[in-house]
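Q: First, the structure itself, so that you have it in front of you.
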Ligand SMILES: [Zn+2]
């Protein structure tokens, strides 16, 4: 429109809209033997961190596992030329926060937060057996200093006036998980409540916990999001809301096939046949995390 009325555009208070970019770290090998001799060699799904940004400030969701991943993530964040205000951690599994100390060294003004329940569940990851296990699975790749986020008591925080809502979901692929919802841009950063064309960690679920997980997937779908970022996604996959239904379908298929499978091999083979194009066909995701 022509500016014939003599009014000048004034800068808005805060940003009029938020942007979002997703960093995907590729899948990576783990050192050790698979708990069951099925599928690919021991390894880890590709994973995501998400940057939500306004005109000046930014929020990061999840902080990667290894030093190399966290350093690459920090370099990528710096390219956005925003002030990193907050790092939000979605859940208590160490793959999403062992990189946190690297990020806080690079962005010392950032405040790292998670729900009090998530912070509590994380304490396991700071015990010597779990730390030792992580350092053995990823030798020379885990930060020397591991830190936890601060417990955050409220269920919302803001970025340049936009509300970010924490959705607590209880046990999904792990205990006390959450997703982060940004209504103004229809964004859900789902943590590991949603997987995007990646084998899912059902090895720590029960029929009851899968019911809870599915109920919360229905809850996320009911928000009618336009962008859904999964904690783990096939590299290059779009951040489409359809990942919510795909995740639900995988859980329902697993539930059904588990009841009739004649052996672990049969269960694994049937799920592989149903999801031939999903990445990281590792048996530990189905049968339990490789132990000490
Ligand atoms: Zn994860």
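Residue numbers (this note's numbering): 77 to 368.
Ideal Cβ positions, reconstructed from N, Cα and C, are used throughout, including at glycine.
Being a predicted model, the structure only gives us computed values, none of them experimental.
Counting only the same chain and skipping the five closest in sequence on each side, list residues whose C-beta sits under 8 Å from that of residue 126.
A: Within the same chain, residue 126 has close Cβ partners 96, 97, 98, 99, 136, 137, 138, 265, 305.
Q: Just to check, is the beta-carbon of residue 175 closer than 8 Å to a non-hydrogen atom of ligand 1?
A: No.
Q: When the Cα atoms are used, what is the spatial distance from residue 112 to residue 132?
A: For residue 112 and residue 132, the distance between alpha carbons rounds to 49 Å.
Q: Can a CB atom of chain B be found closer than 9 Å to the CB of residue 98?
A: The displayed structure is made up of one protein chain only, and chain B is not part of it.
Q: For residue 190 versus residue 225, is the C-beta spacing smaller than 9 Å?
A: Yes, the pair counts as a contact, with Cβ atoms nearer than the cut-off.
Q: For residue 184, tell me which candidate among 289, 159, 339, 106 has the shortest Cα-Cα distance.
A: Closest by alpha carbon: 159.
Q: Would you say the beta carbon of residue 307 comes nearer than 8 Å to a heavy atom of ligand 1?
A: Checking the Cβ of residue 307 against ligand 1 gives yes.
Q: In angstroms with no decimal places, state the Cα-to-Cα distance between residue 311 and residue 115.
A: Taking the straight line joining both Cα atoms gives about 20 Å.
Q: In the DSSP assignment, the beta strand (DSSP E) including residue 305 goes from what residue to what residue?
A: That run of the beta strand (DSSP E) goes 303-305.
Q: Does the beta carbon of residue 164 fall short of 8 Å from some heavy atom of ligand 1?
A: Checking every heavy atom of ligand 1 against the Cβ of residue 164, none is found closer than 8 Å.
Q: Taking C-alpha atoms, which residue in 156, 182, 200, 148 lies nearest to residue 170?
A: Measuring from the Cα of residue 170, the nearest candidate turns out to be 200.
Q: Taking the Cβ atom as the reference point for each residue, do residue 323 and residue 276 lie within a distance shorter than 9 Å?
A: A contact, by the Cβ cut-off of 9 Å.
Q: Comparing C-alpha positions only, which one of 293, 300, 223 sits nearest to residue 259?
A: For the residues 293, 300, 223, the minimum Cα distance to residue 259 belongs to 300.
Q: What's the gap between the Cα of residue 146 and the Cα of residue 327?
A: Distance between the alpha carbons of residue 146 and residue 327: 30 Å.
Q: Grab the span of the alpha helix (DSSP H) containing residue 123 for me, first residue to last.
A: Here residue 123 belongs to no alpha helix (DSSP H); instead the beta strand (DSSP E) covers 123-129.
Q: For residue 222 versus residue 233, is the C-beta distance shorter than 9 Å?
A: Going by C-beta atoms, residue 222 is not nearer than 9 Å to residue 233.
Q: Would you mind stating whether residue 94 and residue 129 have Cβ atoms separated by less than 9 Å?
A: Yes; because the gap between Cβ atoms is below 9 Å, this pair is in contact.
Q: Given that a residue counts as buried once 16 or more other Cβ atoms are within 10 Å of its Cβ, and exposed if not, what is residue 210?
A: Classification of residue 210: buried, given that the 10 Å Cβ count is 16 or more.
Q: Quick check: is any heavy atom of ligand 1 less than 8 Å from the C-beta of residue 326?
A: Residue 326 Cβ: outside cutoff for every heavy atom of ligand 1.
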